[in-house]
Each structure stands twice: as structure tokens, then as C-alpha cells.
Amino acid sequence: MHRRDFFKIVGVSGTAAAVAGCQQSAETLLPLVVPNEQIVPGVAAWFATVCRECPAGCGVIARNREGRVVKLEGNPDHPVNRGALCIRGQAALQHLYHPDRFAGPQGRQGGALKPVGWDEALKTVTAKLAELRGAGRGRSVALVSQLESGSLGALMDRWTQTLGTRPRVTFEPFGYEAIRAASRIVFNRDAIPHYVFEEAEVVLSFGADFVETWLSNVEHVGGFSRMHGFSGGRAGTVIQVEPRQSLTAANADEWVRNAPGTEGLLALAVLKVMVDEGRAERRFGEAVAGIDVRKVAEESGVPVDTIRHIASVFGRAKPGLAVGGGVAVTGAHATATLVAINLLNAAVGAPGRTLMFGADVAYGNVTPYAEVAALVAAMAKGEVEVLLLGPRVNPAFTLPGGLKFAEAAAKVPLVVSFATHPDETTALAHLVLPDVHWLETWGDYAPREGVLGLMQPTMSPVGDSLPTGEALLRIGRSVLGGEEGKGPLPWGSFEQYLRSVWEPLVKAEPNGWERALRRGGVWRQTPAVAVTTKVSTVEAAPPKLDGDAAGLTLLAYPSFRFYDGRSAGAAWLHEAPDTMTQAVWDAWVEIPTETAARLGVGAGDVVRVTSPHGALELPAYVSSTLHPGAVAIPIGHRYAGYHLAQKYVAAPPTSLSPLALLGGAADPVSGGAVFLGVKVTLSRTGARRPLAILQATHDQDHRELAQHVGLRAAREEALRGKPKPHEFISLYPPQQYPGYRWGLAIDVDRCVGCQACVVACQAENNVPVTGKADCAYGRQLHWLRIERWAEGLASHPHNLFLPMLCQHCEVAPCEPVCPVFAAYRTEEGLNGQVYNRCVGTRYCGNNCPYHVRRFNWWNSEFPAPLEVQLNPDVTVRQLGVMEKCTMCIQRIMAGKDRARDEKRLVRDGDIQTACQQTCPAQAITFGNLKDDRSEVSRLAHSPRAYHVLEEIGTRPSVAYLRKVVREGA
Amino acid sequence: MSTAVERRTGPPTFADVTRDVLRTLGAPGNLYFAWMCVVGLILAGGILAWTWQIWIGMGAAGKRTPQMWAMYITSFVFWIGIGHAGTLISAILYLFRARWRTSIFRAAEAMTIFAVMTAGLFPLIHAGRMWFAYFLLPYPNQRELWPNFRSPLVWDVFAISTYLSISTVFFIVGLVPDIAALRDVSTGWRRRIYAMLALGWEGSHSQWRHYRRAYGLFAALATPLVLSVHSVVSWDFAMALVPGWHSTLFAPFFVDGAIFSGFAMVLVLMLPMRHYFGWHAYIQDKHLDAMGKLILVTGLVLTYFYLCEIFTTWYSGDHFEKASLFWRITATYAWALWLMYFCNCIAPLVLFSRRARTSPTMLYIVSILVLIGMWFERFNIIVPSLGRDFYPYTWGIYVPTVTDTMIVVGSFAWFFILFLGFIRIMPSLSIVEVKETLPLPVKDRAHGGH
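Sequence order for the protein chains is A and B. Residue numbers for the first sequence follow the numbering used here, so the first one is 1099 and each next one is one higher. Residue numbers for the second sequence follow the numbering used here, so the first one is 4 and each next one is one higher.
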């Protein structure tokens, strides 16, 4: 879908759906019996909304076919994500159509949640609230929501004020409070700035996992790609200081492994060297007066030379950007660390250029964790009588184990959850009033100042659910005894409220509301706010950790697939591998090689991880890169609540979260949660639970699948141009392409391994989920995979990410061996696969040197209502047939049809494959290889271009561009 | 079944031959039924497993990426190989007038047909959608869709169906005079069936002349097939890119291996028959000796091919081939490779000794080892090569499941049930040809002249 067309279609259908969307029709999963005039069978309508899978607030356009959303794409107009979408955004559909989603309100009867009617459910809440209000105990009502920066948040605040309850708690497990506090301390501005990666020459990150989940990962991956990707001989440098080789560290030009918690010291040491060498102003000397670089080197395990090297690279940057505050390294000293990082920023002139105040990020509105902890304490003391938990708030899972939320919740007489899916918290709730999914609702969300994303229903709700805003309005009115149209809460629906809020915003533009709906919101330039830097001494020594002093530091890091666990219901996400480990499904504990050897633990052995606050049993992943003093466990893996998990995993474990091991302490300055706070001890359990790991080895064995070139050589090549290509000698006449010849160019230099394309492909092409056992046995069905190839030292490898899909070879090994022409060559250079013709000899699968052909070992199931998500333009394959990447043939057909309707040829950029469309790093380009002026041709003829396994002579239509590595890095 | 057949000292007479052969067609004993029961049960298990696999999907067999082929194709090639000895014996040795073939060729031909019938099942068992396997046949259809004649699998279809039909016809033609003999001695419904199959054979001079011509023609027709079928099957591998498959060596290598395993199977079948039926007079030590020699020679040739394979891999300097070979020799499946080398290269060396060549026990042991070795040869070509090919991301280990093991074992049962059935309804020794090799019956010699 091209943008122009998107506008066209939305122009017609936007308002219509807007009208249809607010109806509480529900319950009908089938297309309408009486056709809606706006629904044209076979023609998709697109609706713009905002992704709410995390607080980044990316713009989304939802592809609606015959009344049901079948695919999500990034909104190309949205300033945050500019058309891209991450893996979690792509998988949101699986929550929309999740088989375990609440079909309607639930009440706890005899220990279990049973369906109840809406009237009854609302009456229960109303009665309790009215009773408390009558008794003057309104303050014993607490409302907790996720980060709602828009109208819903405002409505909730109005609601709490009107009803006289406690102020709303905006709860985000990853609140980045320390960044805000450090901004206050150094720049005297109580906000989280907008980090502009693309403007930086050098990015120095102290554990900020910006490729994974940090603040706004799609936006920052885009920025990273623009500043770091080789283009016109220019390429920025990224240095990552982190105890673990995370996906972000793997993408950095240089990964510096430090002892956990020494980030602040290192930042100061770098600043000290910069001051000493005259790369920073003298005034910063005050802050680093007490720093002895040698001592820091000793404490952090980072050699003095490396610190000096970082200082010289970063000090030269005009401008540079230093970032920090990744969840895994957020300890009790997090604010001090970020103050040190901010000083570095000030020293390289970041404020106003790469660090923008004014465009403050919504995260700054998160209620600091300390206040959440205070609420839990109040609950434990019995001071809270009604606890209302907004959608996607799951404190029972996301709060540190040391806080004992479950015990506190047991003291609350009425716990009401607005969750859409069962989770650890609804297991404690007395009442569940399911919210509509964010794809079914009105709303708005401002990820940062100046960007107001507008949400509209992209389809009518799947179940019998009620928008939380509307539920609150109804409850509030009943408690107050008011009626619709009167009183402090007069709006009949949340939509009415939203429109009343938006009226002034869209007034200026003619037809403003509709245009805002079509665009996905309103964007405004926000003037940069100038800040002054306050330099003072910083005490950034590593914090004292709980637990056995001889233990290992626990690094609990958010999984880029599940965030804080709210995305863990999507089977697509479980089946897309964690790029570094290539593990799917179960969580693991990453153990340094030395410790594993000492314990006698191998990969897949179940290890008991014990902290003073809890214990956890997880299979081991032995890591040669992890700091020897640490163990790492991803946050966000969970199966609880989801019956669906049982279909895909044998005996799904109930507890997988490292948060259970953490204490409840807070950073005293910022009030942020402490994630780097405990030492743990490991012991063998003797049990085994092997992980399903997709990649057999990370060693390329000199096969040069993923290639790289030095920066200097790349510059030289770029000037000289590509040498004459190798001439193939063949007895056959060359293949003729009467029309187009489709091809892809994939830039290995840009690919960050975020897996968004993998899930986008799965969503677009009806690729089934196979489950853990089949994945472990090479039977996953992904058409596209991201490989990680490691080079160099095992303890410090350079990583290359290689997206591998059908290469659509010109001399395809799969084609001649097929006895029935199921695999054949099309006139447009594609390698076709006719499912109906396939007998399943699997000869093609053997003969494909890339092993990208996928066989349907079983009949795939799409548990209802997930089958509604299936793309009607793509065949669902039967048992016994071979399948593989089609280069999104359905999109090519649509593009050609459109061009034919307009009596023209397909233009470059008209057609985007699903993987290309979603790629936050813009690593994938699709187009016509026959056209010399097309982008894909230009890239395929670039000096960096190569073909994987070129020497076999398959002549792929997919060209790869070598990664550009920094010499000496 | 009586096993205590008295051993005659002199050469058998024509009457002896007829009697000895026809005796095998009498009512079978308990031992026979016991065998039939065992084999039938295993076969039933195999059928059950196949049914399950069709129902639930190919996932029931242990295949995966990268081993999209595994035990089924292994067994397919193994059985095709077995099917080679029969035609070799009946056609090539006939044309070369190797007289020692007469006593073994009938059973060997039957073995060929049954082996090809067994082999022919495997492509069906193996196909993901076996119900569409007919797509591989070039039948006229309104869609004007034909099979891909560039695909070695389509060549297989032609090679195997040709081989099966020619060897079946050849077999039936060879049977005609013997069936006529059967017809003459049997009664009731059997007689009617035999009469039909005997095609009105009367043993007239002109019939014999036609028969001889036809037999010779079929022998000439079948001869190239002996070489072609397994060459074509070998191209399933040689035409593919997979390191360890992509070799011009494969056609002669496979043909030799096929003859090697085929003779081993002939011995495995004939030695018990000779024992139980008391055919020592017909299958004499010199016959065993000749077959032992053939096994020895083909075994030595095979060893040469193995060395060639290793040498060319090393000499090519091809990284993929070298890595694949090194892995096969040293890693997960090394045991299978070394077992194969032992069975196919070392074990047959015993046959350099004439005593071993004439000792049924030794021959039997060697033959069994050769069969094991040859099954594993195909396994080693398919499974480890695929497991370690071009792309390190997908390297993997194939693990058999209950389903595919039951099907493969069931295929042996299928073969044996056919063969056991055959020896009870058809003369498994050629009455006619054995008689040809005997001295003419002279009245005086038999009774001292009176």
C-alpha cells in the first residue's frame, strides 16, 4: 500500500468506519450479512492509529479487509517511527485475536473468574465506590494506569479528582526516572529529552539498549541507522559500554565490557581524560576532580587505553551523544550515572543538537516507582479498598518480587482490572472489565511534545468489551448520581470526550478532524528549549548490592520481543528468535563460561538462581561474552494466563521473570526502580530443559555468508566503483525478462537484527507457528530469518546480522529438481512455488544451498479467532507442501494492478515487501533490477554488493551489501 | 516342511529335478507359517505406521531441515540396488553363457521384482502428499501440465517403471515352460490357474524356438537396464548440489554397489533355500564360489570408489566438500561411516579364501554384513551429507522416529512376505534350465545296461 493510495482510501472510508467504530456492535466475528457500503470485498481500507504495545507511541496504519484488520504497518507520516514498526507492533494483531482474550466482563466466584454481565459488573464497582465516597473514604480508591499521555489520562485524572480518590498512578515498569532526575540536576529541566541519534557523529552508550527497548526503539534504530549506516563515504561511530553483549552492543562498532554498575565511573573517567587532553572545557574539571582513571580502570575492568581511546573518539565528535539508563544497569546509583553521562553530553555540545529539550518525551510523566511502592505499602496496610488497574498494567508480574504485590493485593477488598487478557494480575482481581484492544478504540497518545497521535477504531471489537474511558465515565456518573450530558462527567462515550478535547486542536485546519484521522494525528514543531549546564561533583561509585557478596550480579534486561511481558501472549514473538542467542520460546539464564564450567553446567541444564528475595529455575545458556561477574536473565518471558502456550510448549513453566528476584528498593534521588540491585547464587538442579535454538552455529566456517569491509576500503571502493562483474559461462541462453525483474537489496551494514521483518513476514504471508519442539528440530516455518554470525574472539566477537530469505536465484537449484514444476521461474525473475502442484518430494529443500525452503510437516492450525487475521490475498498452505518467500507476490500483483489501472508502469518505490516496509533500519530495498535508475539496481551495483554463496553460481536476485566495519575498533 | 532330504551322491536325473522342485510347492510346514506370521505382523506394523504418517503428516517421520530426505530414500536406493542382481544374473550372465547362473536365476529374478516393488513404495511413502504422486506421470490432461523432464525424480519414474515392467515380463516368459510342467502335475483349481499362466505351452519344437528367441531378446533388452536404473537413481544425488552428492563418480559407484548388495541378498535368500529344500545338488559349491568371487570383486571395486571419493574431495580443494567429508568421518554419524567401511571393504576380504567362499556359514555372515553396509552406504550419502552442507545456520542431526523406523522395517517384511509367498506357488529353481545343464538321460547309464 502506497501512501497516496492510503490517503485516497482512508478519505473515503475513514469517516464511515469512524461512525461504525463507536457502535458497541461486538460479538460478530463474521463479516456483515448486510453489506456495508464502505466495505468493498477484496479492497483493503487503511486506518491510522497509534501503537500502544509500549510507551514509544509509534504511528500505525491498520489494513482492514472485509471488516477485519489483517496487518499492521508503520504510519509513514508519523514523526516517531516514519513508517517502520518493531517486532512487538507487528505482533499486536495476535493479541487482538488472541484465543485467550476475555470475551466479556468476569467476576470472581468461588475462586475462579466467571463471566458476568456488564451491568452487574459495573454495579459492583459503583456500589463499592459510592459506599466509600459516602463514608468519606474516597482516598482509599486507587487508580493505576499505564502511561497515558493523552485524553484518557486526562479523563482519568478528572475522574479521580471528581470522585476524590487517590491521584492516579501512571505505572510503567521501565520508567527511566533517573534520566529525568539527571536532566533536572544537570540541565535544570525536569523532563526526558528527545534524543536525536541521526545528528550525532559519535554515540557513546552506557548500557542504553536503544536497539531493543530503550525509550523509543523504532525511532532510535532509525536514527542509529541514519547516523551509522555507510552512505556517501560517511559513517558515524557507536560505542557501547555494557557488561553483556546485548543486541545493541552487538550493533555498536565497539563494545566495551565493564563490570556491572561502573558506567558512571567510566563516564567520569572519559570526561576526565577529555578535560585533561583539552577535548572538554576546563569547567568540567570540577566534576571529575576526584577521579583517578587508573582506579576506575581497575574497578570497571576496562583498560586505561580503552578509556583514553573512547575519550579521543567521543571528544572529537561534533556533536556527540552520550546515552545511558538502560534497564539492566539501572541501580540505586542510576541518577548519579546519568548525571555523569549528561556532563559528557554537555562537554560534546549535545544539548540543542542531539539532546533536545522542548520535545520532551512522554516518559517524563511516569509516576516514579517509589510512589508505586508507596501505594503497594498502603495496600499492604489495608489503606486501599478499591484498586483499579488499567489495561496493560500487570504489577503482579512487573513489580520487583521484593515488593510482594500479590500479598498486598490480597488485602484489597476489591481489585478491578481493565485487562484485555488474563495475566498474573487478573489472577488476583475480583472483577475484570475488559478494555477494548487499542486497535478497536478511540484515543490519542503523545509520545513526545509536539507529536499527538490520534487513535481510531480500525474495526469493531472482537469480544464484548468496553473502552476503559467509557467504563470510567459510566461508573463515575453512577457514583455521582448524575446523568449523561450533565455534571462533571457528562460525556456519553469516550469518543465524545476525545472529540471535545480535539476540537480546539484541529480547528485551525479546514476539515481538521478528518485530516487528523487520516494522517494519524497532529504534528507540530516544538521549539528547542535552551538549557544551561550545572557542573558539580558526582558520586557515581557502583552501588552496594543485596545478597551473597560472593554471588554474581544479576542483569535483568527487557526482552526486545516482550518488553515488560505485556507482549508475551503473541506466539509470533515467542517463535521469532532472540537474535543474539537465537533461542525461541522458553527464557534462559545467561551464565558466563567460567561459572558454567565451575558449576558443571551445560546449555540446557536447569539452574536455580537464588537471590535474597526469591528463586527461579531456568535453563542455562552458556555465554562466552557475558562479564564473568554477572548472570543475565531477560524480562518479559511469561506463559501465565495463556492457555495457548500449552499448545506450543511442553509443560510451560509458570515463573520465568527475573523481577521476582529483585528487592523493592528505589533509587533515592529519582525514585526509580532498582534493576541492578541483587547478587544471586547459582546451583544445579540436575534437571534438563534444552532451549530451542534455531542457529546451529555462529561460526561461518570461512564461507563468507555475511561479509564486511573496512571503512577505509569501503570509501575507496565507493570512489572507484564496482569492478567488472564476473562473467558466467553457460551453455544456456541468458534468461529474458520481458517486463520487470524483481529483486531485493539488503544492507548488512544497516540490519540491526531486531526481527521486525520476521514477524511482519509471518503476519503478511500467513506463516503458521510451530511450537518449541518443532523449532528445536529445524521445522520452523519462517520464510525469513535473521542470522547472527560472530567473528573474532569468542569473548569479544564482532557480529554480523544477515537476513536470509529465498534468494530467487536466476539459476535456482530448486527448480530443475522439482519433478512437477511446482518450483519454477517466473518471467519477472521470481522463483515461484505452486502449492497446488507440490507433491512434497522435498528435493528442492535439499538442493537449496541456503535452506530457505520450508516444508509443512503438519497441518497448521490457527486457533480461533486467530484465523481471522489471515491475509486473504495469500494461500494458507496444506500439510505436505513446500513453501518459501514469494517476495510478497500479492503486493507485487497489487502494485502492478494499480499501475495498470493508472495506465503506467510500476514506479520505483510503488511496491514494498512486508519485510522492507517494517524495517526500522531501512536495510531492505525492493524494486526492479532491470531499471538502472531504481534504488535496488543502484544498491545491487554498489561496490559493497555481493551475493551469498556466489561461488555456487546460483545468481540470486537478492543482493547483500557488506557491513562496513571501523578499522581499529 | 521336511528338512531331512536325503543327499544323493551322483548328479540328479531329469526326474529328480522335477520332483525336487515340485516338492517345494507342496503343503508348507509349521516353520513356514511361523515365519509368515512374524513377517506379517511386522508388515502390519509398517502399514499402521504409514497410515498414521499419512493422517498426521510427514512430521511423524524424523525428517527436518536440512535432512528433508532420510531413511525412506535410503531404503529406496537400497532396495533398488538389491533389485539389480536378478537381472544381472538372468540377462547378462545368460548372454555371456555363464552356466552357473541356472540354479539361482529364478529366485534372483523373483527377488528383483519384489525388491523393485518394495523400492517403488518408498517414493510414495516419502512424498508429502502421496495422494498426488500421480503428478509425476506424464498423463495427458486438460491443463497441459507435464512433469519436469529435467528432474532426476522424473527420470527415476521412467527408469524404475521400465525396469519393473521389463524384468516382470522377462520373469514371466522364463517361467512359461516350468509352469507348464506344474500344470501337468497339479490338479483342481491350481491346474486351471497354472494352465492359464502356461499360455498353452506344449513343449513343441516351434514353441521352444520362439521361446528361446524371445528369452534372448528380453535378455538383450534387460541388459542395459541393469546399468541404467541405478545410474539414474544415482543422479538423484549427483545432479544435486549438496556436498557429498555432487559427483560424477556416482553412476558407476552406485551400479557396482547395487550388484554387490544384490548378490549378497541372493545369497541370503538362496542359502536357506538350499538348506531347507535340499538343493545341494543344484546349488553346488562351485555356484557359491562363483557368487563369492563376484561379491569379492564388486567389494574391491567399491573400496576403490570409496578411496576415489575421498581423494577427489581432497584434491578438489573445495571447502564445502572437504568440510562435509571431514564431518562425516569424524562427527555424529562417523560410526555409520566406519561401520560401512568395515562391512563393505573389510568383511568381503574373507572371500579371498576359497574355503570361505564355499562355506555357507561364512558366505551368509559376509552377505548379511554386506547388506548392512550397503544400507548404511546410502544412509551415509543422504543423512550426514545433508546435515552438513553449504549453510551452517541450518546444520542439524536427523533422529529417526518410531514411525519411520516401523515403516522401514515393514518394508523388509513386505519384501519377505512376497518372497515367501513366491517360493510356495512358483518353482524357485528353473526346471528347464537346470535340466539343460544336466547330462542327457541315457537309460543304460542309470541301470547298468540291460
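Cβ coordinates follow ideal geometry from the N, Cα and C atoms, glycine included.
Item, Value
"Chain B contacts from the segment 1795-1826 of chain A (Cβ-Cβ distance under 8 Å)", "T1795, D1797, Q1798, D1799, H1800, R1801, L1803"
"Environment of B/I428 [buried if 16+ CB atoms lie within 10 Å]", "exposed"
"Element boundaries [beta strand (DSSP E), containing B/T364]", "Here B/T364 belongs to no beta strand (DSSP E); instead the alpha helix (DSSP H) covers 363-390."
"Start-to-end residues for the alpha helix (DSSP H) that takes in A/Y2058", "Run containing A/Y2058: none in the alpha helix (DSSP H); it sits in the beta strand (DSSP E), 2056-2059."
"For A/G1418, three-class secondary structure by DSSP", "strand"
"Neighbour list for B/S234 in chain A, Cβ cutoff strictly below 9 Å", "Going along chain A, no residue has its Cβ under 9 Å from B/S234, so there is no contact; the nearest lies around 17 Å."
"contact_flag[the segment 1885-1892 of chain A, the segment 1870-1877 of chain A] where n(CB pairs < 8 Å) is 3 or more", "no"
"Inter-stretch contact (C-beta, 8 Å, three-pair minimum) for the segment 1888-1908 of chain A and the segment 1774-1784 of chain A", "no"
"Contact with chain A by B/P143, beta-carbon distance below 7 Å", "no"
"Endpoints, the alpha helix (DSSP H) within which A/A1647 is located", "It is not in any alpha helix (DSSP H) - A/A1647 carries neither H nor E in the DSSP assignment."
"Opening and closing residue of the beta strand (DSSP E) in which A/G1712 lies", "1712-1721"
"Segment limits, beta strand (DSSP E) that includes A/A1728", "1728-1733"
"Buried/exposed call for B/M133, threshold 16 Cβ in 10 Å", "buried"
"CB contact check: A/Q1793 to chain B, cutoff 7 Å", "yes"
"Member of B/G177, B/T165, B/G295 whose CA lies at the smallest distance from the CA of B/G86", "B/T165"
"Cβ shell of B/D23 (< 6 Å), same chain only, five flanking positions each side left out", "none"
"Distance between B/R186 and B/M4 (C-alpha atoms, nearest Å)", "Below a pLDDT of 50, predicted positions are generally treated as unreliable, and B/M4, at 40, falls in that range; no measurement from the model is reported."
"Terminal residues of the beta strand (DSSP E) in which A/E1889 lies", "1883-1889"
"Buried or exposed (CB count within 10 angstroms, at least 16 for buried), A/E1825", "exposed"
"Rounded straight-line distance, which links the Cα of A/S1247 to that of A/A1367", "38 Å"
"B/W158 versus B/A94 - alpha carbon distance", "23 Å"
"Interface residues of the segment 239-268 of chain B facing chain A [CB-CB below 9 Å]", "D239, M242, A243, L244, V245, W248"
"Separation of A/T1651 from B/T335, as counted between CA atoms", "37 Å"
"A/Y1922 - partner residues in DSSP beta bridges", "A/G1930"
"Beta strand (DSSP E) segment containing B/A261, residue limits", "Element bounds for B/A261: not the beta strand (DSSP E) but the alpha helix (DSSP H), 253-280."
"Contact set between B/T306 and chain A, taken where Cβ atoms lie within less than 9 Å", "The premise fails here: B/T306 is roughly 27 Å from chain A at the closest Cβ pair, so nothing lies under 9 Å."
"B/Y137 Cβ short of 6 Å to the ligand NAP heavy atom set", "In the structure on display, the ligand NAP does not appear, and there are no ligands present to speak of."
"For A/Q1188, three-class secondary structure by DSSP", "helix"
"Beta strand (DSSP E) segment containing A/N1897, residue limits", "1896-1902"
"Residue range of the unbroken beta strand (DSSP E) whose run includes A/E1688", "1687-1690"
"Within 8 Å of chain B by C-beta, residues of the segment 1930-1948 of chain A in sequence order", "R1935, C1936, V1937, G1938, T1939, R1940, Y1941, G1943, N1944, N1945, P1947, Y1948"
"Beta strand (DSSP E) segment containing A/E1352, residue limits", "1352-1354"
"Residue from A/A1666, A/L1900, A/P1710 whose Cα sits closest to the Cα of A/Q1680", "A/L1900"
"Contact belief for A/M1991 with A/G1943 at Cβ below 8 Å, rounded distance in angstroms", "Not quite, the Cβ-Cβ distance comes to about 26 Å (not below 8 Å), so this is no contact."
"Residue from A/F1516, A/T1539, A/A1749, A/I1389 whose Cα sits closest to the Cα of A/L1529", "A/F1516"
"C-alpha distance - B/V373 paired with A/P1656, whole-angstrom precision", "58 Å"
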